[in-house]
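The block underneath contains the structure these notes are about, expressed in structure tokens.
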Amino acid sequence: MTAASSCCPRYEADMRSINSLLLAACLLASPIALAVDTQQPINIQADSATLDDARNNAVYRGDVIVTQGSMRLTGNQVTLTMNADGDINKLVSTGSPATWRQDPASGRGQINARAQTIEYHAEAQRVVLIERGHLDQAGDTFSGDLITYDINRRVVDAGRREGEAGSGQRIEITIQPRNRGGDN
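Going by our numbering, the first residue of the sequence shown is number 4, and it counts up by one from there.
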């Protein structure tokens, strides 16, 4: 106990309230980070583009970079499809490899992914890695030919692509130990 807290119980109560408010603000700010990403405009850089309003899609070619808030998708070619309302429905990136990254709401560190093909389903908030997929966060890794990551639920589903049972790449998973309050 400090001299200030023993002689000033009001000061101690105020500090507990302030600390509680600061902790609540930090916890609330974390989930908002991801929600803010989806409300940001999508920016695209590419060497060339073909837009087809009749089909509600666009194809971007040549070192394509797509950003939305903390989300970044890259590839040699990105195909964008929109729903009937004109909102982005899906982005499909192909590359050697295509890459995706985002700062998650959990605060556990940036999520990085790569694959030959990456599908980003905007409305469903889902990323699908196809062929030589690799997903990494804070040293935890998933590798395989088909990896689906549900961004909102923070769920990874990894396996072989359909029709590849008994062949193709098996999944590999590495999970780092968590620090348990100073236990070594």
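For every residue, glycine included, the Cβ atom is placed at its ideal position computed from N, Cα and C.
What does the Cβ neighbour count give for residue i, buried or exposed, with the cut at 16 atoms within 10 Å?
| i | result |
| --- | --- |
| Pro180 | exposed |
| Glu165 | exposed |
| Glu175 | exposed |
| Gly112 | exposed |
| Ala141 | exposed |
Pull up the distance between the alpha-carbon of residue i and that of residue j, whole angstroms please.
| i | j | result |
| --- | --- | --- |
| Arg64 | Pro100 | 14 angstroms |
| Leu54 | Met85 | 11 angstroms |
| Ala36 | Ile154 | Confidence at Ala36 is low in this model, with a pLDDT of 43, below 50, so its placement is unreliable and the value that follows should be read with caution. C-alpha separation (whole angstroms): 12 angstroms. |
| Leu26 | Asp50 | Because Leu26 sits at a pLDDT of 34, beneath the cut-off of 50, its placement in the model cannot be relied upon, and the following sentence gives the value as read from the coordinates. Those two C-alpha atoms are separated by around 45 angstroms. |
| Thr5 | Pro44 | Residue placement at Thr5 is poorly supported in this model, since its pLDDT is 45, which falls under 50; the coordinates still yield a value, given next. The straight-line gap from Cα to Cα measures roughly 50 angstroms. |
| Arg135 | Arg117 | 8 angstroms |
| Ala52 | Asn182 | 47 angstroms |
| Thr102 | Ile121 | 7 angstroms |
For a quick check, are the C-beta atoms of residue i and residue j less than 9 angstroms apart?
| i | j | result |
| --- | --- | --- |
| Asn92 | His124 | yes |
| Thr77 | Gly98 | yes |
| Val159 | Ile150 | yes |
| Ile133 | Asp143 | no |
| Val81 | Ile47 | yes |
From which residue to which residue does the beta strand (DSSP E) around residue i run?
| i | result |
| --- | --- |
| Ala52 | 51-55 |
| Asp153 | 143-153 |
| Asp106 | First-last for Asp106: undefined, no H or E at that position. |
| Ile3 | Any question about residue 3 goes unanswered here, given that the chain covers just 4 to 187. |
How many whole angstroms separate the CB atoms of residue i and residue j, which I take to be in contact at a CB cut-off of 8 angstroms?
| i | j | result |
| --- | --- | --- |
| Val95 | Gly72 | About 20 angstroms separates the two Cβ atoms, so there is no contact after all. |
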